[in-house]
Each structure stands twice: as C-alpha cells, then as structure tokens.
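*Asks:* Below are the structure tokens for one structure; questions will follow.
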Amino acid sequence: MGSELSLQYISSVNSLSNIRSNVRLLKILKILKETPWKKQPFSKQNWGHSLHHMSPYVGKMKPAIAHVLIDLLSKPGDTILDPFCGVGTVPLEADLMGRKAIGIDLNPYAFTITRAKFERLPLEKQLDWLKSVSIDTKSVDISKISDFVKQFYNIDTLKEMIALRNILIQEKRFFLLGALLGILHGHRPGHLSATTSLVIPFKPKTTPEYRAVIPRVIEKVKRLYKDEIPMNSEGKAIFADSRNISLNKNEVDAIITSPPYFDTLDYVQDNKLRLEFLGLNERKRDDLKHNLIQNRNTYIEDMIQVGDNLKRVLKPGGVCIFVLGDMNLSDKKTVNTARVVSKAYESLGFSTFGITSDWMPTNKAIPSVYKRRKLDRFLVMINNK
Ligand SMILES: C[S@@+](CC[C@H](N)C(=O)[O-])C[C@H]1O[C@@H](n2cnc3c(N)ncnc32)[C@H](O)[C@@H]1O
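All residue numbers for the sequence shown refer to the numbering used here, where the first residue is 583 and numbers rise by one.
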C-alpha cells in the first residue's frame with residue numbers, strides 16, 4: 583500500500599459512552615485506516631464520473647475518497663453537507679449516490695463549478711444551443727481586459743470567449759459556463775490559452791494562437807457527458823460564508839469536507855485567471871482573499887465560528903469528517919491541523935472519535951514541501967447535543 587498510517591483515539595471513555603453507535607464508528611475508523619480508495623476499483627486512474635472532471639481546482643478531493651466517506655456515513659435519502667465544497671466533489675458524488683447534497687463555498691469560481699454540476703439538461707439540448715448560438719464579437723470591448731489575461735490568448739479567441747461568457751451568464755446557462763471555465767487554460771489543443779498549467783495559470787510558454795471557442799466547448803461538453811448523467815438532482819450549491827450558514831437546525835445527517843488548513847493553499851491567487859474571467863478584478867480578488875479562511879493568525883477563530891454553525895445544522899449524534907493537511911512552517915516543522923481543530927471543536931461539544939492519516943502522491947501543480955507526497959488526515963467527530 584506504501585502509505586503511513588496512524589490511528590489515535592483521542593476521546594475519553596466518558597465521551598465515548600455518549601456515542602450512539604461505537605461499533606459503527608469503530609468500523610468507520612477501521613475502514614479509513616485501510617485507505618480503500620487506493621484499492622480496486624478506486625485505484626484506477628481518474629476513477630469517478632466524467633462530471634467530476636468539469637474544471638480543476640487546487641486542493642480538490644479525489645472522487646474515490648468522497649465516495650468511500652459518503653458510503654460510510656450515510657444512506658440514500660440522507661442529507662450531506664460540505665461547507666467548503668470547492669468545485670463540488672463531495673456534493674456531486676453524494677448526489678450521484680442518491681443523497682441530498684448541499685455544497686457551500688465563498689469562492690465564486692468554486693461555486694460556479696459546483697452549481698454547474700447540478701444543472702441537468704439532456705446532452706442534445708446543450709449541443710443544440712451551442713450549435714445555434716451566434717456570438718457577436720464586434721461589440722466586445724477588450725480595452726479594460728488586463729494585460730495579465732491578454733498574455734494567454736489570441737485576441738480573436740479572447741473576444742469569442744467574452745462574448746460567449748456574456749450570453750451564458752445572461753441566459754443562466756451555468757453548465758456551459760462551467761464547461762467554458764474548464765477549458766479556459768491548459769496545455770492541450772482543446773484548451774483556449776497558450777500553453778500553461780491546467781490548474782494554476784503560470785506564465786504561458788508559447789505565443790497564443792487562434793483557437794475557435796464554440797467547437798472546443800462542444801467537445802468539452804461531450805466529454806462531460808461520457809458517463810450517463812441522471813436528469814433528476816436534489817443537489818444544491820450555495821454561495822455563502824460557512825461562518826454564517828443559513829440551513830435549518832438538525833437539517834443535516836452527515837458533514838464531509840476538506841476545509842482550508844491554515845494558509846497552506848491560496849484559493850484566490852491559484853485561480854486568478856478564472857476569477858478574473860468571472861469579473862473579479864484585482865480589488866475584488868483582494869477582498870475575496872481577505873474574506874476566505876486562509877489566514878494563519880485568525881484560522882482557529884474562523885474555524886470555531888464555522889463549527890458553531892455545523893453543530894447547529896448537524897443532527898444530534900451526526901458524524902462529521904474533516905480531511906485536512908498539516909501546515910508546514912518555515913523551519914521544516916509541521917503543525918498537525920487535524921489535532922488543533924479537534925481540540926477547538928471539543929470545546930464546542932463535538933467529540934473526536936479518531937484521526938487516521940494517509941500519505942498520497944501529490945498533484946504536481948500543488949505547492950508542497952514534500953514534493954512527491956502529501957499527507958491527508960481524516961478527523962472523525964461526533965456531534966454530542
Ligand atoms: C480544500 S478546498 C475544498 C476542495 C473541495 N473538497 C474540492 O474537492 O474541490 C477549501 C475550500 O474552502 C473554501 N472556503 C474558504 N473559506 C471559506 C468560507 N469562509 N466559507 C465557505 N468556503 C470557504 C475555499 O474557497 C476552498 O474552495
């Protein structure tokens with residue numbers, strides 16, 4: 583298996599007696615320790631529904647991990663909440679597994695992709711619309727487009743992209759907007775930019791050439807429909823701050839999420855091009871950076887505010903799993919984020935049942951001092967109401 587595992591029982595015997603089903607929780611921990619997502623059928627490269635590949639994201643969870651966690655924590659019909667849903671891996675997988683899925687994120691790019699995954703129309707309708715749309719590039723004014731954006735695109739491609747974006751937003755065609763964002767930049771002929779990374783828009787390595795937009799969006803949409811997409815969905819994407827969740831008390835059966843871990847990843851800088859394409863200029867991106875939980879000094883305070891909300895919306899005895907990385911300090915020391923959050927959440931009335939650890943090979947685009955390996959910790963908590 584090649585992974586390093588550890589299992590820590592942090593709860594006292596006293597708090598364990600409050601847990602409705604210790605047997606169930608022990609089973610959950612045992613299975614997490616075995617890291618089933620590294621075994622067949624999940625170990626297959628790119629395991630998961632084609633919709634999971636709509637658009638990339640730093641810190642994106644592997645769909646197989648989401649699948650295993652949802653399966654362990656819930657049954658069809660249950661409500662699953664991901665309060666830091668990113669591009670919607672947990673909510674989409676939960677939806678595909680027959681759960682009521684709710685995803686919350688404060689990053690407009692992440693929210694746009696999650697919402698796109700829940701817009702369900704037959705493939706023919708998407709393609710018919712794309713084949714019949716006429717985009718008027720003459721009225722596109724690129725004088726206010728930043729030099730940062732312009733360096734990635736041939737000017738005619740850029741005009742087509744902007745014209746299409748405007749119609750998609752106007753007509754609320756969110757799936758197609760998600761597909762367009764998914765090919766906004768990358769290194770393949772199907773992407774619209776000069777050669778750069780698919781995840782983070784590093785300085786392009788080639789001179790931008792003309793790339794017709796509509797045919798590339800059509801091909802992208804066909805790839806997304808490779809696996810059958812159920813037309814009925816109860817999935818919900820919410821653009822909001824998880825320090826202030828507007829769901830009802832006890833509405834949620836289980837919480838599965840990968841929260842930010844201190845300031846380890848920068849969800850604004852790493853998504854700069856896609857955010858700018860969605861209309862966030864430098865000032866708005868600065869505001870967003872300030873509003874997201876990615877500040878080392880206020881991290882615990884912010885996560886406690888989130889925890890208060892989670893405690894309210896999660897049913898008594900409901901299970902909450904956080905997937906967290908450690909924070910790397912400049913002197914090569916690390917902070918065990920899961921342990922820090924666990925301690926803070928104990929004071930809110932959650933009991934920590936255990937923390938398991940799993941070393942994963944890193945995505946090359948994700949900054950990591952470990953270069954080839956990344957540590958995921960699974961913090962399992964119960965809501966003692
Ligand atoms: C590790 S990522 C989640 C990735 C996700 N599991 C996926 O597969 O795409 C953490 C997310 O927390 C979001 N976030 C940070 N602060 C937030 C807040 N106050 N409210 C809601 N979301 C927030 C970030 O925008 C980011 O998308």
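Even glycine gets a Cβ: it sits at the ideal position worked out from N, Cα and C. Please read these numbers as outputs of a predicted model, since none were measured by experiment.
Below 8 Å on the Cβ atoms is my contact criterion, and I expect A822 with F700 to pass it. Report the Cβ-Cβ distance as a whole number of Å.
*Replies:* Against the sequence shown, residue 822 aligns to sequence position 240. Against the sequence shown, residue 700 aligns to sequence position 118. So it is not a contact: roughly 16 Å between Cβ atoms.
*Asks:* Sorted by chain position, which residues of the same chain lie with C-beta nearer than 7 Å to D884's C-beta, five sequence neighbours on each side aside?
*Replies:* Walking along the sequence shown from the start, residue 884 turns up at place 302. For D884, where only same-chain residues beyond five positions count, the Cβ hits under 7 Å are R825, I875.
*Asks:* Shorter than 6 Å, the distance from the beta carbon of G641 to the closest heavy atom of ligand 1, or not?
*Replies:* Translated into the one-based positions of the sequence shown, residue 641 becomes position 59. Answer for G641: yes, Cβ within range of ligand 1.
*Asks:* Answer yes or no: does any C-beta atom of chain C fall closer than 7 Å to that of F784?
*Replies:* Within the model displayed, chain C is absent; a lone protein chain is all it includes.
*Asks:* Taking 6 Å as the cut-off, does the CB of P638 come closer than this to any heavy atom belonging to ligand 1?
*Replies:* Reading the sequence shown from its first residue, position 56 is the one you call residue 638. Result no, Cβ not under 6 Å from ligand 1.
*Asks:* Could you round the C-beta distance between F734 and H769 to whole angstroms and report it? I think they count as a contact, below 8 Å.
*Replies:* In the sequence shown, counting from the first residue as 1, residue 734 sits at position 152. In the sequence shown, counting from the first residue as 1, residue 769 sits at position 187. Between H769 and F734 the Cβ distance is about 12 Å, and since that is not below 8 Å, they are no contact.
*Asks:* Measure from the alpha carbon of E791 to the alpha carbon of each residue in I652, V799, G772, then state which is nearest.
*Replies:* Position 209 of the sequence shown, counting from 1, holds the residue named residue 791. Among I652, V799, G772, the Cα nearest to that of E791 belongs to G772.
*Asks:* Rounding to the nearest angstrom, what Cα-Cα distance links L703 and S929 in this structure?
*Replies:* By one-based count along the sequence shown, residue 703 stands at place 121. By one-based count along the sequence shown, residue 929 stands at place 347. Approximately 45 Å between the Cα atoms of the pair.
*Asks:* Given 8 Å as the limit, is there contact between the segment 611 to 624 and the segment 641 to 660, that is, 3 or more CB pairs closer than that?
*Replies:* Because the criterion of three Cβ pairs below 8 Å is met, the segment 611 to 624 and the segment 641 to 660 touch.
*Asks:* Could you check which residue in I717, L896, R921 has the C-alpha nearest to that of L655?
*Replies:* Numbered from 1 along the sequence shown, position 73 holds the residue referred to as residue 655. Nearest of I717, L896, R921 to L655, Cα basis: L896.
*Asks:* State the Cα-Cα distance for the pair M583 and T671, rounded to the nearest angstrom.
*Replies:* The residue given as residue 583 occupies position 1 in the sequence shown. The residue given as residue 671 occupies position 89 in the sequence shown. At M583 the pLDDT is 33, less than 50, meaning the model places this residue with poor confidence; the figure from the coordinates comes in the next sentence. C-alpha separation (whole angstroms): 24 Å.
*Asks:* Sorry if obvious, but does the Cβ on I875 come closer than 6 Å to a heavy atom of ligand 1?
*Replies:* Along the sequence shown, one-based indexing puts residue 875 at 293. Yes, the Cβ of I875 comes within 6 Å of a heavy atom of ligand 1.
*Asks:* Under three-state DSSP, which class holds L874?
*Replies:* Locating residue 874 in the sequence shown gives position 292, counting from the first residue. L874: coil per DSSP, three-state reduction.
*Asks:* Within a Cβ cutoff of 6 Å, which residues of the same chain sit near N1010, ignoring the five residues on either side of it in sequence?
*Replies:* There is no way to answer for residue 1010, as the model of the chain reaches only from 583 to 967.
*Asks:* Closer than 6 Å by C-beta to K634: which residues in its own chain qualify, once you throw out the five before and the five after it? Chain order, please.
*Replies:* Indexing the sequence shown from 1 puts residue 634 at position 52. First, the residue type needs correcting, since residue 634 is His and not Lys in the sequence shown. P645.
*Asks:* For ligand 1, I want to know if G668 counts as a neighbour, meaning its beta carbon is within less than 6 Å of at least one of the ligand's heavy atoms.
*Replies:* If you number the sequence shown from 1, residue 668 lands on position 86. Yes; taking the cut-off as 6 Å, the Cβ of G668 has a heavy atom of ligand 1 nearer than that.
*Asks:* Whole angstroms is fine: what's the gap from D710's alpha carbon to A920's?
*Replies:* Taking the first residue of the sequence shown as position 1, residue 710 is located at position 128. Taking the first residue of the sequence shown as position 1, residue 920 is located at position 338. Cα-Cα distance, rounded: 48 Å.
*Asks:* Quick one: does the C-beta of A646 sit closer than 6 Å to a heavy atom of ligand 1?
*Replies:* By 1-based counting over the sequence shown, the position of residue 646 is 64. False, no ligand heavy atom lies under 6 Å from that Cβ.
*Asks:* Which class does P673 belong to by DSSP, given the choice of helix, strand or coil?
*Replies:* Residue 673 sits at position 91 when you count from the first residue of the sequence shown. DSSP places P673 in helix when its eight states are reduced to three.
*Asks:* Compute the distance between the beta-carbons of L855 and P783, then report whether it is under 7 Å.
*Replies:* In the sequence shown, counting from the first residue as 1, residue 855 sits at position 273. In the sequence shown, counting from the first residue as 1, residue 783 sits at position 201. The answer is yes: Cβ separation under 7 Å.
*Asks:* Tell me R959's beta-bridge partners as DSSP assigns them.
*Replies:* As a position in the sequence shown, residue 959 is number 377, starting the count at 1. Partner(s): L906, S939.
*Asks:* For ligand 1, is there a heavy atom less than 6 Å away from the beta-carbon of P690?
*Replies:* Within the sequence shown, residue 690 is the residue found at index 108, counting from 1. Not under cutoff, so the answer is no.
*Asks:* Quick one: what's T916 bridged to in DSSP?
*Replies:* Residue numbering aside, residue 916 sits at position 334 when the sequence shown is read from its first letter. Beta-bridge pairing links T916 to N910.
*Asks:* In this structure, how does DSSP classify L663 when only helix, strand and coil are distinguished?
*Replies:* For the purposes of this step, residue 663 is taken as the residue at position 81 of the sequence shown. Three-state DSSP puts L663 in a strand.
*Asks:* Let me know the secondary structure DSSP gives N966 once reduced to three states.
*Replies:* In the sequence shown, the residue the question calls residue 966 occupies position 384. N966: coil per DSSP, three-state reduction.
*Asks:* Count the other C-beta atoms from every protein chain shown that fall within 10 angstroms of the C-beta of N918, then say buried if there are 16 or more, exposed otherwise.
*Replies:* What you label residue 918 is simply residue 336 of the sequence shown in a count that begins at 1. Flag for N918 reads buried.
*Asks:* Helix or strand or just coil, what does DSSP make of K953?
*Replies:* On the sequence shown, position 371 is the one that residue 953 refers to. Caution is warranted here: a pLDDT of 48 is assigned to K953, below 50, making its placement in the model unreliable, and the coordinate value is therefore given only provisionally. In this structure, K953 counts as coil in the three-state DSSP scheme.
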